[in-house]
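Quick notes on the structure that follows.
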Ligand code: PSU
Ligand code: MN
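Numbering (the working numbering), first residue to last: 36 to 344.
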């Protein structure tokens, strides 16, 4: 039977018009809201991050699945539903979960992986998040490697993040991205950032000094039809960065607890993020919010530069 994208995807009027006219649009994910931050900080953040993108001259497109329909651009009530997550009805949707959610009419939040997929379907090329998923520590035994890395290898969306979350093995994450042919950029830095901290000790392939540098590189890659995305590491602003040694200790404690409780699969990242918020007395949440807002602003600036090329 014939189908159209409209059978599965609702693009908000504003986002659809902007994409058609070649105006700058920035995708946002919803897992960071439903599973990455507590209520009601997540709703406040969800609104603020859209406002930051508008101030920088682009249109925000937050992605999610609501009652079995993919959404590019959410209403206020959708946003609230995802943030409240009453009765834990909002699933965390990775690539493998997406067809199931659509076929069963489920509601779910999109990760980096599925946000890239929806962005691509909707014609959006730039996406801001907090930190991408990656190779988990101990992955040589658990094989826990985030689907985000595989998505970056195949879907043509540029992801602006504050690096890989410090709970991961950042060295192995970068090795994986190299194998998969994903360009890793540092935004005004030579050092790939580590989410809560400005540095990881691991270098990047290319230091971009301004939004236009990233936009040009994206254009070349996609003009040539090379598949896959681009990863831009944008360090958390100095005033919100957390102490590397202190965070290393906090993360080790959180990882020990996750191991003891045998947390695995898609529960791991939300568990660790929540545990770290608890162990830092909320400091890590404040940092997470600020780094994600900063990524949204830079992503909008890059999208604006790309639209002018
Ligand atoms: N960035 C944040 N908070 C988050 C995430 C990113 O600041 O909660 C989410 C993203 O949706 C990312 C996911 O795709 O964490 C990684 O989950 P996993 O490790 O299970 O692939
Ligand atoms: Mn995983």
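The beta carbon of each residue, even a glycine, is placed where N, CA and C say it ideally should be.
Presumed contact (8 Å Cβ cut-off) between residue i and residue j, rounded CB distance
i           : j           : result
residue 275 : residue 307 : Residue 275 to residue 307, Cβ: 19 Å. No contact.
residue 94  : residue 50  : 6 Å
residue 345 : residue 160 : Not covered by the structure: residue 345. The range shown for the chain is 36 to 344.
residue 216 : residue 242 : At roughly 19 Å, the Cβ-Cβ gap does not stay under 8 Å, so residue 216 and residue 242 are not in contact.
residue 163 : residue 61  : 6 Å
residue 44  : residue 156 : 6 Å
residue 150 : residue 98  : 5 Å
residue 183 : residue 198 : Between residue 198 and residue 183 the Cβ distance is about 13 Å, and since that is not below 8 Å, they are no contact.
residue 107 : residue 96  : 5 Å
residue 127 : residue 144 : 6 Å
residue 303 : residue 179 : 7 Å
residue 78  : residue 115 : 6 Å
residue 266 : residue 167 : 7 Å
Three-state secondary structure (DSSP) of residue i
i           : result
residue 259 : coil
residue 181 : coil
residue 155 : helix
residue 217 : coil
residue 195 : strand
residue 166 : coil
residue 203 : strand
residue 174 : helix
residue 225 : coil
residue 300 : helix
Local Cβ density within 10 Å of residue i, reported as buried at 16 or more and exposed below that
i           : result
residue 131 : exposed
residue 311 : buried
residue 238 : exposed
residue 255 : exposed
residue 262 : exposed
residue 270 : buried
residue 214 : exposed
residue 133 : buried
residue 233 : buried
residue 138 : exposed
residue 186 : buried
residue 85  : buried
residue 15  : What is shown of the chain runs 36 to 344, which leaves residue 15 out entirely.
Alpha helix (DSSP H) segment containing residue i, residue limits
i           : result
residue 76  : 76-90
residue 291 : 279-295
residue 135 : 133-139
residue 67  : 66-69
residue 311 : 303-314
residue 55  : 48-55
Range of the contiguous beta strand (DSSP E) that encloses residue i
i           : result
residue 105 : 104-107
residue 241 : 241-243
residue 99  : 94-101
residue 125 : Here residue 125 belongs to no beta strand (DSSP E), and DSSP marks it neither H nor E.
residue 144 : 143-145
residue 342 : No beta strand (DSSP E) holds residue 342; the alpha helix (DSSP H) holding it covers 318-342.
residue 61  : 60-63
residue 267 : 265-268
residue 40  : No beta strand (DSSP E) holds residue 40; DSSP gives it neither H nor E.
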